[in-house]
Amino acid sequence: MLRTHTCGQLRLADSGKRVTLSGWVQRVRDKGGMIWIDLRDRYGITQLIFDESKTDAALIEKVRSLGREYVITAGGIVVERFSKNDKIATGEIEIVVDDLQVLNASKVPPFTIEDDTDGGEELRMKYRYLDLRRTPVRKNLELRHKMMQETRRYLDGQQFIEVETPVLIKSTPEGARDFVVPSRIHEGEFYALPQSPQTFKQLLMVSGYDRYFQIVKCFRDEDLRADRQPEFTQIDCEMSFVDQEDILNTFEGLIRHLFQSVMQVDIGEVQRMTYDEAMRLYGNDKPDIRFGMQFCEITELTKGKGFQVFDSAELVVGICAKGLAGYTRKQLDELTEFVKRPQIGAKGLVYVRYQEDGNLKSSVDKFYAEDDLKKWAATMQAEPGDLILIMAGETRATQSALSELRLKLGNDLNLRDRKQYKALWVLDFPLLEWDEESQRFHAMHHPFTSPRKDQMHLLDSDPGAVKANAYDMVINGVEVGGGSIRIYDRGIQQKMFNCLGFTEEEARNQFGFLMEAFEYGAPPHGGIAYGFDRLCALFGGSDSIRDFIAFPKNNSGRDVMIDSPSPISNEQLKELHLDVVKSK
Ligand code: ASP
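Using my numbering, the first residue of the sequence shown is number 101, and each one after it goes up by one.
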């Protein structure tokens with residue numbers, strides 16, 4: 101053994117012991133007669149001390165030859181430290197070293213391996229193995245590990261069985277594009293990497309494994325967006341003989357357990373809200389309910405006064421910002437600029453100041469008398485001192501823009517406290533979504549989601565109105581998971597594929613195996629998948645999932661450390677029957 105203890109282990113009570121430690125040289129401080137080394141490993145930092153007057157000259161020479169990140173083994177005696185460091189757990193002791201071996205030298209690292217490093221993102225990603233030595237990054241991975249263990253502990257305790265499903269599969273349409281893998285043996289044919297194990301977990305239900313889970317990598321070839329990873333991890337789960345209530349309770353239990361065991365936080369009641377309510381009150385299907393500022397519709401109240409923007413609008417809707425009537429012209433202009441940014445795309449913003457003196461002043465005074473404004477204010481339960489912000493236009497676009505404004509105000513006013521957690525189930529999502537471009541319906545969740553029982557009859561007459569037996573869990577405005585009760589009847593599944601514009605033959609080609617399985621005694625079932633990386637980021641108090649992935653891809657989907665994706669050789673291309681593709 102190259103060590104008797106780790107660098108995070110020794111305490112005052114160990115004084116006098118002879119120990120051997122191994123690790124990386126974080127820092128050498130050479131004050132002439134005295135030299136100190138901070139020796140680091142995964143567990144912490146221990147100070148080594150060399151007193152030149154009492155130490156062998158050859159050893160001192162060796163110490164002076166050390167550089168940052170050298171790997172060494174040091175043997176010596178634990179002693180009480182003269183000036184203690186209460187910032188580290190080993191801060192009361194140091195090691196008087198009489199024996200030191202260099203196990204390996206190191207080049208000077210391209211950035212400092214410290215909590216606050218001087219390395220930029222790109223450089224740290226290129227040398228991610230060095231970045232991973234830094235305590236904050238290591239802590240994130242430790243958190244991830246703990247979350248994994250606690251997930252397994254909870255689900256195992258509930259009789260869930262962890263089953264691995266294949267990674268080389270056939271395409272499952274879940275909204276995104278598949279990554280495909282060419283087959284060498286079967287010319288012209290391809291595997292797809294799973295966007296999720298959806299069909300496999302349903303087949304496991306048919307097989308009678310009535311409680312399944314898997315912490316599993318999923319792959320989606322989606323357009324690049326900040327903090328989106330082409331491969332990510334889900335806690336994927338499925339249960340048989342359950343209804344929606346059972347699923348919500350079981351998986352609310354998982355989240356509760358994770359918060360309790362990992363963070364010692366009781367998240368309290370998990371609220372519930374329908375999709376329609378979420379859209380009406382927050383303009384968003386993943387509302388942050390840590391703060392109010394709910395939407396209030398005033399479409400009818402605004403009509404017929406000659407203000408073209410409101411008159412022609414499908415929706416006129418506002419929020420009441422408590423106590424902000426004193427916002428200056430400049431501040432209001434900034435809010436207007438914010439909603440006009442191309443990412444939000446609104447045409448403008450109307451405001452009403454409910455002044456402390458009880459008068460109402462608006463940016464549309466030309467069209468509306470104070471009595472009109474009073475009616476709006478009453479509907480919105482605004483009081484003197486409040487600021488009303490109103491947007492108008494086509495329903496969805498207006499909701500989405502006002503939702504962005506609400507979140508911005510939430511940030512500006514510090515209403516989105518990172519230390520506070522509010523979990524919410526959003527229920528009764530629409531089953532289908534109309535896509536203008538392709539002029540057909542898409543499954544809002546995925547094609548295996550069951551309509552609610554009471555909506556089944558609408559499937560033929562008005563499919564767009566059908567509500568699904570689907571649910572999302574949202575924490576602090578982040579969608580952390582989603583799932584549904586599934587279709588388990590061949591006929592209904594067929595009907596669903598029809599609604600989605602599949603011909604019978606297309607459905608059979610792609611999903612014949614699932615529909616056939618439904619004919620061999622498929623139990624009623626349903627499930628959920630949590631986005632594991634996102635949960636970790638939420639628990640770690642960060643917006644970036646990358647910080648919680650050991651070897652992430654960058655924002656353009658590249659791994660800059662191993663340099664991937666990359667071209668392959670002509671021989672490989674030929675073997676894969678892809679030689680028509682020009683190699684770079
Ligand atoms: N497979 C779904 C997803 O990845 C989750 C589910 O329905 O269980 O979003």
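Just so it is clear, CB atoms sit at the ideal spot from N, CA and C, and this is done for glycine as well. Note that the structure is a prediction, hence the values are computed from the model and not measured.
What residues are listed by DSSP as bridge partners for Cys420? Ile488
Delimiting residues of the alpha helix (DSSP H) encompassing Met305: 298-306
Could you say which of Thr479, Ser122, Val574, Ile347 lies nearest to Thr399 if we only look at CA atoms? Thr479
I need the boundaries of the beta strand (DSSP E) containing Gly176, first residue and last residue. 171-180
Alpha helix (DSSP H) segment containing Lys508, residue limits: 495-512
At which residue ranges does the region 311-399 contain complete beta strand (DSSP E) runs of 3 or more residues, listed in the order of the chain? 311-319, 331-340, 371-374
Check whether the Cβ of Ser271 sits closer than 7 Å to any heavy atom of the ligand ASP, and report yes or no. no
Any chance you could list the beta strand (DSSP E) runs of at least 3 consecutive residues sitting entirely within the region 130-217, in chain order? 134-141, 144-151, 171-180, 193-204
Does any heavy atom of the ligand ASP sit closer than 7 Å to the C-beta of Ser584? yes
Among residues of its own chain, excluding the 5 on either side of Val163, which ones have a beta-carbon nearer than 6 Å to its beta-carbon? Ile135, Phe150
Just the C-alpha distance for Ser683 and Leu614, rounded to the nearest angstrom, thanks. Interpretation of Ser683 is limited by its pLDDT of 47, a score under 50 that renders its predicted location unreliable; the figure taken from the coordinates is listed afterwards. Going by the C-alpha atoms only, they are around 38 Å apart.
Within the chosen definition, does the region 375-384 reach the region 358-367 through at least 3 CB pairs nearer than 8 Å? no
For chain D, check one thing: does any of its Cβ atoms lie closer than 8 Å to the Cβ of Asp659? The question asks about chain D, but that chain is absent: this structure has only one protein chain.
Distance cut-off 7 Å: Gly510 Cβ against heavy atoms of the ligand ASP: no
Can you give me the start and stop residues for the alpha helix (DSSP H) that Leu673 sits inside? 670-675
State buried or exposed for Tyr451, treating a residue as buried only when at least 16 other CB atoms are found within 10 Å of its CB. buried
Among Arg320, Val342, Ala205, Ser340, which one has its Cα closest to the Cα of Phe332? Arg320
Buried or exposed for Met101, going by 16 or more other Cβ atoms inside 10 Å? exposed
Reduced DSSP category for Val702 - H, G, I as helix; E, B as strand; rest coil: One cannot answer for residue 702 here, as it falls past the ends of the chain, which runs 101 to 684.
Could you say which of Met544, Tyr229, Lys567 lies nearest to Gln555 if we only look at CA atoms? Lys567
In chain order, what residues of the same chain have a beta carbon less than 7 Å from the beta carbon of Ala446, not counting five sequence neighbours either side? Val439, Lys440, Met491, Ala501
Starting from Lys522, follow the beta strand (DSSP E) in both directions and report where the run begins and ends. Taken as a continuous stretch (DSSP letters only), Lys522 belongs to no beta strand (DSSP E), as it is neither H nor E.
List, from N- to C-terminal side, the beta strand (DSSP E) runs of 3 residues or more that fit wholly inside the region 615-647. 625-631
Quick one, are the C-beta atoms of Cys396 and Gly423 less than 8 Å apart? no
Starting from Asp433 and walking both ways along the alpha helix (DSSP H), at which residues does that stretch end? 429-440
Considering only residues of the same chain and omitting the five flanking positions on each side of Glu322, which have a CB-CB separation below 6 Å? Ala276
Assign Gln408 to buried or exposed, taking buried as 16 or more other Cβ atoms, counted over all protein chains shown, within 10 Å of its Cβ. exposed
Using CA coordinates, which residue listed in Tyr291, Pro665, Met339 is at the minimum distance from Ala629? Met339
Apart from the five residues just before and just after Leu533, which ones in its own chain have a Cβ nearer than 6 Å to its Cβ? Rather than Leu, the amino acid found at residue 533 in this sequence is Glu. Excluding sequence neighbours, Glu533 sits near His542, Met544.
My understanding is that Arg127 touches Asp141, with C-beta atoms under 8 Å, so please give their C-beta distance in whole angstroms. In fact, because the Cβ distance is near 14 Å, the residues do not count as touching under 8 Å.
Quick one: give me the first and last residue of the alpha helix (DSSP H) that Gly257 is part of. 235-257
In whole angstroms, what separates the C-alpha of Gly108 from that of Gly626? 46 Å
Inter-residue spacing [alpha-carbon to alpha-carbon] between Thr603 and Lys595: 10 Å
Out of Gly631, Gln201, Glu605, Leu449, which has the shortest C-alpha to C-alpha gap to Glu579? Gly631
Exposure label - Ser122; buried when at least 16 CB within 10 Å: buried
Label Lys187 either buried or exposed according to how many other C-beta atoms from any shown protein chain fall within 10 Å of its C-beta, with 16 as the threshold for buried. exposed
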